[in-house]
Each structure stands twice: as C-alpha cells, then as structure tokens.
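In this note's numbering, the protein residues as written are 1348 to 1410. First up is the structure itself, then whatever we jot down about it.
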C-alpha cells in the first residue's frame, strides 16, 4: 500500500446518542449544526437531546 498525504478539515458535528454523526463543512457554528441535525428545534428540544447523550462539537475529518 502506497503512502499518500491526507487532507484534514475541522468541522462542526452533532454526535447522536447511538453513535451516528452528522458533520458538514457548511455548518456556520454550533447553533446551526443543532438546527440542521434536529430539524430547527427550540432550546428545550436541544436540551432534551443533550440529556439523551447527543453532543455538538468540532471534529477533524480526514480524507
């Protein structure tokens, strides 16, 4: 296997309690990531998602 240089990018991602990840380079910030991942939730819905174990954080994508 030939070594090749990898490209990396840091993006916002929502990581769901079951391990699914939604990451996108077009998310403008944490609030925007929550909006897209949860379908334009209100503050209470975001808090409920956090209680279930969902998190929103920056992640590094390696391509």
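Beta carbons are placed, not taken as given, at the ideal position from N, Cα and C, and that holds for glycine.
So who's on the other strand from residue i, going by DSSP bridges?
i, result
"residue 1404", "1360"
"residue 1355", "1409"
"residue 1369", "1361"
Do residue j and residue i have their beta-carbon atoms positioned less than 8 Å apart in this structure?
i, j, result
"residue 1369", "residue 1390", "no"
"residue 1353", "residue 1409", "yes"
"residue 1377", "residue 1400", "no"
"residue 1397", "residue 1357", "no"
Can you tell me whether residue i is buried or exposed? The criterion is at least 16 other CB atoms within 10 Å of its CB, across all chains shown.
i, result
"residue 1361", "buried"
"residue 1381", "buried"
"residue 1350", "exposed"
"residue 1359", "buried"
Can you list, in chain order, the residues of its chain whose CB lies under 7 Å from that of residue i, leaving out five sequence neighbours each side?
i, result
"residue 1402", "1362"
"residue 1372", "1356 and 1358"
Who are the near neighbours of residue i in its chain, counting only those whose CB is closer than 8 Å to its CB and skipping five residues on each side?
i, result
"residue 1388", "1381, 1382 and 1396"
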